[in-house]
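Right, one structure below, let's go through it.
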Amino acid sequence: MTFPRLPQGRYNIVYADPPWDYKGQLQHTGPGNGDSGGTVRHYPTVTLSELKILPVRTIAADDCLLFLWATNPHLDQAIDLGKAWGFAWATVAFVWDKERVNPGFYTMSQCELCLVFKRGRIPRPRGARNVRQLVSAKRREHSRKPEEVRRRIDAMFPALPKVELFARPEADLFGNGTPEGWDAWGLEA
């Protein structure tokens, strides 16, 4: 896959929701209900090897955090990707309770993880330090993440340069494009 050029800036906060490759697998909704589609019906997906060559390290400041969304089947790949982009694994930043279950192969799937990786030190200046990990927000359109996560990142680091990778056009609650204080990059940005 050919990616558009990354922005020219250097960012202390990188927020990414990669278009993980599910090899054409569809999301089933239960016996007799068919499927709700799959990632490939919504946007082009990218393999891990293609994601790894994206030069994210060139836009990351010396002190930078990477907030990276990982679907449960791609958790190991997400950790590999964060490291390939030049970051060290830190922890789970956010757990999104989608308030609705999807059938899974082992258990009913209801949560998605946003991991955090670190390059250098935790960037400064810092804002709020009492931000909660659990986000309960109803699932909306395919792959659209809750705005609450971006708001919490803003609360933690209100004055730092931030970029969203693989951004979608509905970047804020009101459909007004990229939120204030953020740059956006991706095929749909």
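FYI, the numbering for the sequence shown is 1 to 189, going by the numbering used here. Ideal Cβ placement from N, Cα and C applies to all residues, glycine included. None of these values were measured; they are calculated from a predicted model.
Closest to residue 132 by C-alpha separation, out of 140, 70, 145, 152, would be which residue? 152
Whole-Å CB distance - residue 11 paired with residue 161, under 8 Å assumed: 5 Å
Around the Cβ of residue 62, are there at least 16 other Cβ atoms within 10 angstroms (buried) or fewer (exposed)? exposed
Following the continuous beta strand (DSSP E) through residue 13, name the residue where it begins and the one where it ends. 11–16 is the extent of the beta strand (DSSP E) around residue 13.
Rounded separation between residue 48 and residue 71 - CA only: 13 Å
Alpha carbon to alpha carbon, how far is residue 167 from residue 106? 31 Å
Looking at the unbroken alpha helix (DSSP H) that takes in residue 149, where does it start and where does it end? 147–156
May I have the straight-line CA-CA distance separating residue 186 from residue 66, to the nearest angstrom? Rounded to the nearest whole angstrom, the C-alpha separation of residue 186 and residue 66 is 16 Å.
Less than 8 Å separating the beta-carbons of residue 114 and residue 96? yes
How far does the alpha helix (DSSP H) with residue 78 in it extend, from its first residue to its last? Element bounds for residue 78: 75–84.
Return the Cβ separation of residue 9 and residue 79 in integer angstroms, given the expectation that the two are a contact with Cβ distance under 8 Å. Going by Cβ atoms, the distance from residue 9 to residue 79 rounds to 26 Å, so no, they are not a contact pair.
DSSP state of residue 119 mapped onto helix, strand, coil: strand
Please report the residue range of the alpha helix (DSSP H) in which residue 164 lies. Residue 164 -> not in any alpha helix (DSSP H); beta strand (DSSP E) instead, spanning 162–165.
Taking C-beta to C-beta, are residue 85 and residue 116 nearer than 8 Å? No, they are not a contact pair.
With H, G and I counted as helix, E and B as strand and the rest as coil, what does DSSP make of residue 56? The answer is helix: DSSP assigns residue 56 an H, G or I state.
With a threshold of 16 other CB atoms inside 10 Å of the CB of residue 235, please say whether the residue is buried or exposed. The structure shown does not extend to residue 235, since the chain is modelled only from 1 to 189, so the question has no answer here.
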